[in-house]
Amino acid sequence: MAPEIAEADSITDPIWAVLGYTTSSFLLTGALIAIEIAAIALLGGTLLGLLIATMRLSLLAPIRAIAWFYVWLFRGTPLVLQLVFLYDALPSVGIRLSSFTTAVIGFTLNEAAFAAEIIRGGILSVDKRQSIAAAALGMSNRLTLRRIILPQAMRAILPALANQTVSLVKGTAIASVIFVNELTFRAHQIVGQNFEFFTVFGAAGLIYLVMTSVVSIVQAGLERRFGADRERRPLLDRFRTARNEGRPATLRPVAKEATGFGLPARSADKSKPFVVCRSVRKSYGRREILRGVDLTVGRGEVVVVMGPSGSGKSTLLRLINHLEELNGGEITVDGAFVGYERIGDRLMPQHDLARARAEARIGMVFQHFALFEHFTALENIVEAPVQVHGMKPAAARSRAEELLRSVGLLGHADHLPSRLSGGQQQRVAIARALAIEPRLMLFDEPTSALDPELVGEVLAAIRKLARGGMTMIVVTHEVSFARHVADRIVFMDEGVIVEEGTPADVLDQPKQERTRRFLSKVEELPADQPADDAINPLSLVKVDR
Amino acid sequence: MHILHGFRGICLVAATLAFQTIDAHAACEPDKVATKYPKLAGRMITVGQDGESPPFSFRDPKNFDTLIGLDADMARSVFACIGVPVEFKTGNWSGLIPATMAGQIDVMWDTLLYTPERAKRLDFISYMNSATGALVAKGNPKNIRSLDDLCGLRANANLGTTQEAILREAERKCQVAGKPEVEVITSTDMPSGLRLLENGRADAVLTNRFLADRRAAGSMSVEVAFSLVTDAIIAAGTAKGNDDLAKAIQDGIGELRQNGSLKTIYERYKVDYMLTVDPAILTR
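As given, the protein sequences belong to chains A and B, one line each in that order. So that you can map any letter, position 358 of the first sequence is 358 in our numbering, and since no number is skipped, the others follow by simple counting. So that you can map any letter, position 197 of the second sequence is 197 in our numbering, and since no number is skipped, the others follow by simple counting.
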């Protein structure tokens, strides 16, 4: 019912008149219709938008093209025309939609086009190294998107999506062309009756402001939820961690049954080949990165790969765990291909590459750590065992705590990577790689991004692993580390292995000019202090020597 | 725009449809809808209106959920006479014609003017002659007495209406007479046109005469400067080929004229009953 509006002759009367209209059930019914349309369109449009965004990032060109076309069409044509088309043109082909249904469908389709671009922008804003790290842990694309990419993308997505939602709520006014009597239309109707445009539109504006304020509040809440610097663990858990830290370190070997990771019995005979690379070739476009590399790494052997940047060292590591696809040759780990099938003479990538990577259990540590930024140190370690290998969360947690303790970081279990130093982050990354009980560890310049004073703590952790009998391939420029830890040093340049041998041979009596030239430029720092930490991380991983 | 020249068209249509004379003995027989108009039996008729054009279609000040006005009341009475239930759908005036063509609404009944151009897309059932009123600021500061006085001034009409055509014609006449042109400002609804006038952005607003009268009555800010009777015809519109519906509306209006209830509706909204015409179906 409309309130009686007296001729306004004071300041307060118009204000009361505006407030009177804000409680008009006629207007509020229109607001409810606007909310219903906006809410359904937001939900449906965001889900559809997510699908389109992932389609736009697909590797398959036709799928990308469909998604691009969709966005192009719906973003490029006025919504009002889309609505009129749905409402007035579809009946000619026998589809007669009601006004409300038309509005919901029209706004959803339109919202999806905009949400798709917002979500795509969010996904692209997440560092590519995050998904590479996830792939190295055996996580599938879908799992990576859900667990790793989207939660981080939310920081970029939320403000833009909230903008879009506010526009959506207000934009429902357009639906009056297809006979949806929402708020703005109803305000016009009252004005058409009594010409009190100032008060009626003022009231409608206030109602819109209340509706959009709700969007702002929800946005603020969600931004806090997905913010980078929240501490999320329940208080009780922190007490438990603190208590554990007080106890002397007692380690229990992890039984196969308890973890769900079967570990084949292995001999530590370094003469038995574990990783075998034969004539490995790789190019990016026309640029040849690897031009026929043959390398055999024995079981339990520590091989350090050295060489100038661009020589193909990192690429070789990524081919071994199948983060990159081979262009020629073959690689076996423990006698099996990682994610390839031999069909005739050729190696074909398997369909479920993620599963193959997970089953190969190859741990990888990256130059830039690539810890999952939105997870605490502990959550980073727990992620793959629980999500990929189906380990029970409680078991994964206690094991992650042991791994953190073994790298000296149990006290930082609840800290986000952003609160850790580079050295600490890299040690967490090592613990994360160990959590999948790897049979092989790949280190890709693990100390290159670290300040000099932080290098030692990371190398100490790697050295401990080496002593524990882990088969490892380490790409590094740390000459002293190579000298003391490596069983063998491989020197690469321009996509081929130039020279290999024991540290003494390669470092002190290099045969090749290229090796000599490189070594003369690399400074050998004093040997690290041998680590005498009580805990050896390998005792957790259980390797038979 | 051929609206001012529409008279010839109407004569033509009237000639071709002369055989379709109204049954003078038709009576309201809502019970016989199934036999008289078989295609309407059991149907709900949707009437499209814009709801912001007093006195033809507007919200009841006592209950905004109800539409009242000359067109609203006439539609209700006509379909009660025919014997089919009716529901109103309100939307922007500009969306009503496409929706009627698409069958999303059955009848557009909202100060719709018949034109031969529109008759290519809709069928019409005529019921009254149109009249145009010119609203100006109170006291008529620009001393506007006729269309000729609009030369060099700014005048508003709703987009696509007969009044816009009148203004375009006046503009042309000023040009021919070597006077400054009329600056025509079009708007999408009548209230926004009136705000142009109240804010001094327009010197005159041309609209339906009864709309103008109603707005000027008791207003502190506007008055009617002059009015014109045009040969344009106001009609209800239906999608092409709905013969039963068009015939039923024609019969219904005829009966309301006969039994005097139409006159009551016109008096209720202070619209000149003398403007009504014998209802005719115009399909061309």
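C-beta: ideal position from N, C-alpha, C; glycine also. Here the structure is a predicted model, which means the values were calculated and not measured.
Locate the beta strand (DSSP E) running through A/Phe372, then write down its first and last residues.
-> A/Phe372 -> no beta strand (DSSP E), and no H or E assigned at all.
Could you give the C-beta distance for B/Leu112 and B/Gly237, rounded to a whole number, given that I count them as a contact under 8 Å?
-> Right, the Cβ-Cβ distance comes to about 5 Å (below 8 Å), so this counts as a contact.
Could you work out which residues of chain A lie near B/Arg168, taking near to mean beta carbons separated by less than 8 Å?
-> Residues of chain A passing the Cβ test: none, with the nearest at roughly 25 Å.
When B/Ala80, B/Pro279, B/Val222 and B/Phe58 are compared against B/Thr90, the one with the closest alpha-carbon = Closest by alpha carbon: B/Phe58.
Which residues of chain A have a Cβ atom closer than 7 Å to the Cβ of B/Arg195, listed in chain order?
-> Result: Phe197.
Selected residue, minimal CA-CA separation from A/Thr199, among A/Trp16, A/Leu168 and A/Lys392 | Among A/Trp16, A/Leu168 and A/Lys392, the Cα nearest to that of A/Thr199 belongs to A/Trp16.
Given that a residue counts as buried once 16 or more other Cβ atoms are within 10 Å of its Cβ, and exposed if not, what is B/Pro54?
-> Counting Cβ neighbours within 10 Å, B/Pro54 comes out buried, since at least 16 surround it.
Taking all protein chains shown into account, decide if A/Pro385 is buried (16 or more other Cβ within 10 angstroms of its Cβ) or exposed.
-> With 16 or more other Cβ atoms within 10 Å, it is buried.
Kindly confirm or deny that the stretch 396-413 of chain A and the stretch 373-382 of chain A touch, where touching means at least three C-beta pairs closer than 8 Å.
-> Under the three-pair Cβ rule at 8 Å, the stretch 396-413 of chain A counts as touching the stretch 373-382 of chain A.
Would you check if the stretch 106-126 of chain B and the stretch 183-192 of chain B touch, i.e. whether three or more CB-CB distances between them fall below 8 Å?
-> With the cut-off at 8 Å, the stretch 183-192 of chain B and the stretch 106-126 of chain B do not touch.
Excluding five sequence neighbours on each side, which residues of the same chain lie with their C-beta closer than 7 Å to the C-beta of B/Arg43?
-> Excluding five sequence positions before and after B/Arg43, the CB atoms of its chain that fall closer than 7 Å to its own CB belong to Val84, given in chain order.
is_contact[A/Phe239, chain B] using C-beta, thresh 9 Å = Because A/Phe239 sits at a pLDDT of 48, beneath the cut-off of 50, its placement in the model cannot be relied upon, and the point is left open.
Hey, does A/Ile178 have any beta-carbon neighbour from chain B nearer than 9 Å?
-> Flagged as an interface residue toward chain B: A/Ile178, by a C-beta distance shorter than 9 Å.
9 Å Cβ cut-off: residues of chain B touching A/Phe26 | Listed by position along chain B, the residues whose Cβ is nearer than 9 Å to that of A/Phe26 are Arg59, Asn63, Phe64 and Asp65.
Taking 9 Å as the CB-CB limit, is A/Gly192 close to chain B?
-> Output row for A/Gly192: interface = yes.
Less than 9 Å separating the beta-carbons of A/Gly221 and A/Ala116?
-> No.
Hey, is B/Asp50's beta-carbon within less than 9 Å of any beta-carbon in chain A?
-> Under the Cβ distance rule, B/Asp50 counts among the residues neighbouring chain A, one pair being separated by less than 9 Å.
Short CB-CB distance (under 9 Å) between B/Gly163 and chain A = According to the sequence shown, residue 163 of chain B is Gln rather than Gly. Judged by the 9 Å Cβ criterion, B/Gln163 is not in contact with chain A.
Length of the line joining the Cα atoms of A/Gln152 and B/Val86 = CA-to-CA, the gap between A/Gln152 and B/Val86 works out to about 55 Å.
Under a CB-based cut-off of 9 Å, is A/Phe185 close to chain B?
-> Yes, because at least one Cβ of chain B sits closer than 9 Å to the Cβ of A/Phe185.
Close-in-space but distant-in-sequence residues of the same chain around A/Met492 (CB under 8 Å, 5 per side omitted) | If the five residues before and after A/Met492 are omitted, its C-beta is found closer than 8 Å to the C-beta atoms of Val293, Val305, Met306, Gly307, Ser311, Gly312, Lys313, Leu316 and Val498, all from its own chain and listed in chain order.
Hey, does A/Tyr87 have any beta-carbon neighbour from chain B nearer than 9 Å?
-> A/Tyr87 has a beta carbon lying within less than 9 Å of a beta carbon in chain B.
Taking all protein chains shown into account, decide if A/Glu453 is buried (16 or more other Cβ within 10 angstroms of its Cβ) or exposed.
-> So A/Glu453 counts as exposed.
Spatial distance of A/Glu402 from A/Arg155 (CA atoms) | Cα-Cα distance, rounded: 32 Å.
Any C-beta of chain A under 9 Å from that of B/Ala102 = With 9 Å as the cut-off, B/Ala102 counts as an interface residue toward chain A.
Hey, A/Leu326 and A/Val280 are a contact pair by Cβ (cut 8 Å); roughly how many whole angstroms apart?
-> Yes, they are in contact, since the Cβ atoms of A/Leu326 and A/Val280 sit about 7 Å apart, within 8 Å.
Secondary structure at B/Val289, three-state DSSP: helix, strand or coil?
-> Nothing can be reported for residue 289 of chain B, as the shown portion of chain B is limited to 1 through 284.
When burial is assigned at 16 or more other CB atoms within 10 Å of the CB, is A/Ser24 buried or exposed?
-> By the 10 Å Cβ count, A/Ser24 comes out buried.
Whose CA, out of B/Thr230, B/Lys240, B/Asp243 and B/Glu164, lies closest to the CA of B/Val205?
-> Nearest C-alpha to B/Val205: B/Glu164.
Partner residues on chain A for B/Thr90, Cβ-Cβ distance less than 8 Å | Listed by position along chain A, the residues whose Cβ is nearer than 8 Å to that of B/Thr90 are Phe179, Asn181, Phe185 and Gln189.
Taking the DSSP output, what are the residues bridged to B/Phe58?
-> Secondary-structure assignment with DSSP links B/Phe58 through a beta bridge to B/Glu52 and B/Ile68.
Through-space distance from B/Thr100 to B/Leu67, alpha-carbon basis = Rounded to whole angstroms, the separation of the alpha carbons of B/Thr100 and B/Leu67 is 19 Å.
Between B/Ile105 and chain A, is there a C-beta pair that is closer than 9 Å?
-> Interface criterion met: the Cβ of B/Ile105 is under 9 Å from a Cβ in chain A.
In the DSSP assignment, find the unbroken beta strand (DSSP E) run with B/Asn156 in it and report its ends.
-> Annotation for B/Asn156: the continuous beta strand (DSSP E) segment containing it runs Arg154 to Asn158.
Report all residues from its chain with a CB closer than 8 Å to the CB of B/Asn208; omit the five preceding and five following residues, and keep chain order.
-> Setting aside the 5 residues that flank it on each side, B/Asn208 is surrounded in the same chain by Ser53, Phe56, Thr111, Ser130, Ala131, Thr132, Gly133 and Gln163, each with a C-beta closer than 8 Å to its C-beta; the list follows chain order.
Candidates A/Ala135, A/Val166, A/Ala162 and A/Ser131: which alpha carbon is nearest A/Leu150's?
-> A/Leu150 has its Cα closest to that of A/Ser131, out of A/Ala135, A/Val166, A/Ala162 and A/Ser131.
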